[in-house]
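Undergrad: Just passing along the structure, written as C-alpha cells.
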C-alpha cells in the first residue's frame, strides 16, 4: 500500500489526464490504485495479466500503461530528486564520496539494451549501473546491454568512456537550504573494471578525486570497507523480484522499474533518517 505521506509527494508530479468531452466513457482508474498495482508487480515479480483483480488495483494492462506514461513524463526522476533534496536538507546525504558498480542480469525475452552476457554463457542479458552516496543512497541508475563493458577498446591504448561519466551526469542537481545545488561528490570509488588512466584524468578534470582499485594488485587494498555500500544497495534493488530477471522486451519499461526502485529505496532512507 502507498502511505499517505509518499502519495502526497507523488500526486503533484503526475500528469493530468484529459477526458474526451463528447465520449467521456467510464471514469479512469484512480492513480493511487494504479500505483499500488505497479508496486505490487515490482515487489512480487508476477506477470501483468496475473495482477489480482480483487485487490482493486485495476487490470495489469491499465497499470502497465500508467507506468509507461509516468516514465515518459519524468515522474520517477522528479520524485527521486524530491526525496534526495529532503535528505540533503536534513544533512543526511553525504557528498564526501560516491561509489559506482554494475551488475549483470538475464533478459529472458531479449529486446533493446540487451546483449550476450559475459557471465552467463553469452545468453541475452542487461547490465544495471548504479552510483550511490557514501551511505548507500542511490543517486542514479542506468541500463545497458549485457555485453557492454565499462569501457570500449578503440585500438592501441585509446579507450572511450561509455558509462562512468554518463552515470555521473545522471545525478540530479540537489538544492540545499543555502548555497549552490550539489551534484558532484568529492571522491569516486570504483573496482578494477574502471582501472584506466583516462577515467582518472576525466574525473580529475571534473573536480572529482578517483579512488579506483588497481588491476594485478592482490586483494586487501581496504577499498572494500568503503565500496560495500553499493553492493548493499544492489541487494536492495534486486530484492524487488521484478528486477532480478529482465522480463520486459521494451527497455523503457525496465528502466521505469529501475528508477521506481531507486525512489522506493530513497523513500525508505528518508523515513529512517529524517
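Residue numbers (our numbering): 48 to 321. Cβ coordinates follow ideal geometry from the N, Cα and C atoms, glycine included. Quick caveat, the model's predicted, so the values are computed rather than measured.
#1: Report the option in 311, 62, 295 and 320 whose CA atom is closest to the CA atom of residue 173.
#2: Can you tell me whether DSSP reads residue 59 as helix, strand or coil?
#3: Roughly how many angstroms separate the alpha carbons of residue 170 and residue 289, rounded to a whole number?
#4: Run the CB neighbour count on residue 226, radius 10 Å, all protein chains shown included, and call it buried at 16 or more, exposed below.
#5: According to DSSP, which residues form a beta bridge with residue 189?
#6: Below 8 Å CB to CB, which residues in the same chain sit around residue 271 once its five sequence neighbours on both sides are set aside?
#7: Output the distance between the C-alpha atoms of residue 93 and residue 156, rounded to the nearest integer angstrom.
#8: Can you tell me which of the three DSSP states residue 152 falls into?
#9: For residue 306, which residues in the same chain have their Cβ closer than 6 Å to its Cβ, ignoring the five residues on either side in sequence?
#10: With a CB to CB cut of under 7 Å and the five nearest residues on each side skipped, what residues in its chain are close to residue 61?
#11: If we count the other Cβ atoms within 10 Å of its Cβ and call it buried at 16 or more, is residue 113 buried or exposed?
#12: Relative to the C-alpha of residue 257, which residue among 246, 264 and 212 is closest?
#13: Nearest to residue 175 by CA position, among 243, 291, 137 and 218, is which residue?
#14: Between the alpha carbons of residue 154 and residue 320, how many angstroms are there, rounded?
#15: Can you look up residue 259 in the DSSP assignment and give me helix, strand or coil?
#16: Check the C-beta distance from residue 313 over to residue 177 and give it rounded, since I have them as a contact under 8 Å.
#17: Nearest-angstrom Cα distance between residue 221 and residue 230?
TA: In short, the structure shows the following:
#1: Selected option, being the one with the closest Cα: 295.
#2: Helix, per DSSP.
#3: One C-alpha to the other measures close to 19 Å.
#4: It is exposed - the Cβ of residue 226 has fewer than 16 other Cβ atoms within 10 Å.
#5: According to DSSP, residue 189 shares a beta bridge with 176.
#6: Excluding the 5 residues flanking it on each side, residue 271 has no same chain C-beta neighbour closer than 8 Å.
#7: Spanning the two alpha carbons is a distance of roughly 15 Å.
#8: In the structure shown, residue 152 sits in a strand (DSSP, three-state: E or B).
#9: Excluding its 5 nearest sequence neighbours in each direction, residue 306 has C-beta neighbours in its own chain below 6 Å: 123, listed in chain order.
#10: If we look at residue 61 and ignore the five residues flanking it on each side, its Cβ neighbours are 78, 117 and 122.
#11: Per the 10 Å Cβ criterion, buried.
#12: For the residues 246, 264 and 212, the minimum Cα distance to residue 257 belongs to 246.
#13: Ranking 243, 291, 137 and 218 by CA distance to the CA of residue 175 puts 291 first.
#14: Near 35 Å, if we compare the C-alpha coordinates of residue 320 and residue 154.
#15: The answer is strand: DSSP assigns residue 259 an E or B state.
#16: With 8 Å as the limit, residue 313 and residue 177 do not qualify as a contact, their Cβ atoms being about 12 Å apart.
#17: Roughly 6 Å between the two C-alpha positions.
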